[in-house]
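Student: Residue numbering for the sequence shown follows my numbering, beginning at 1 and increasing consecutively.
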Amino acid sequence: MSVTIYHNPRCSKSRETLALLQSKAIEPSVVEYLKTPLTHEQISTLVIQLGFSSVREMMRTKEDDYKTLNLKDETNENALINAMVKYPKLIERPIVVNNNKAAIGRPPENVLSVL
1 MSVTIYHNPR CSKSRETLAL LQSKAIEPSV VEYLKTPLTH EQISTLVIQL
51 GFSSVREMMR TKEDDYKTLN LKDETNENAL INAMVKYPKL IERPIVVNNN
101 KAAIGRPPEN VLSVL
């Protein structure tokens, strides 16, 4: 099993999700997406793996960057993805991927559905 977690170590839910995986004897590949930003293609793929119809479903809409960039009224998916590439804090976390399926760990137990 090749599991990846898109992780922010400063986020309690992200830390809890990582600990949950480790408690199941899973040592995921950890991607600290604030240090290693995701590409446009990676974000597009995650939207599909998450089963979302819009990238907005994986955006942190309460982030200051979301408000500052006035993304509430943006309807172009590519523009939203480009904003997430440039401002990775906009990406909801943590995201766990396994076998081309993904889940957001809010709450952490959500990720069990892809294991």
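Every residue, glycine too, gets a C-beta built ideally from N, C-alpha and C.
None of these values were measured; they are calculated from a predicted model.
Can you tell me whether residue 98 is helix, strand or coil according to DSSP?
Tutor: Within the sequence shown, residue 98 is the residue found at index 98, counting from 1. Note: residue 98 maps to strand in three-state DSSP.
Student: When the distance is taken between beta carbons, is residue 84 closer than 8 Å to residue 95?
Tutor: As a working mapping, residue 95 is identified with position 95 in the sequence shown. As a working mapping, residue 84 is identified with position 84 in the sequence shown. It is not a contact, given that the beta carbons lie outside the stated cut-off.
Student: Taking the DSSP output, what are the residues bridged to residue 4?
Tutor: Here residue 4 refers to the residue found at position 4 when the sequence shown is read from its first residue. Looking at the DSSP assignment, residue 4 forms a beta bridge with 29, 97.
Student: Taking the alpha helix (DSSP H) that residue 168 falls in, what are its first and last residues?
Tutor: Coverage of the chain is limited to positions 1 through 115, which leaves residue 168 absent and any answer about it impossible.
Student: Which value, in whole angstroms, describes the spacing of the CA atoms of residue 24 and residue 34?
Tutor: By one-based count along the sequence shown, residue 24 stands at place 24. By one-based count along the sequence shown, residue 34 stands at place 34. Going from the Cα of residue 24 to the Cα of residue 34 covers about 26 Å.
Student: Going by the beta-carbon positions, is the gap between residue 18 and residue 5 smaller than 8 Å?
Tutor: The residue you call residue 18 lines up with position 18 of the sequence shown. The residue you call residue 5 lines up with position 5 of the sequence shown. Taking C-beta atoms as the reference points, residue 18 and residue 5 count as a pair closer than 8 Å.
Student: Using the Cβ count rule (16 or more neighbours within 10 Å means buried), how would you classify residue 103?
Tutor: Along the sequence shown, one-based indexing puts residue 103 at 103. Its Cβ being crowded by 16 or more others within 10 Å, residue 103 is buried.
Student: May I have the straight-line CA-CA distance separating residue 89 from residue 36, to the nearest angstrom?
Tutor: Residue 89 sits at position 89 when you count from the first residue of the sequence shown. Residue 36 sits at position 36 when you count from the first residue of the sequence shown. Distance between the alpha carbons of residue 89 and residue 36 is about 12 Å.
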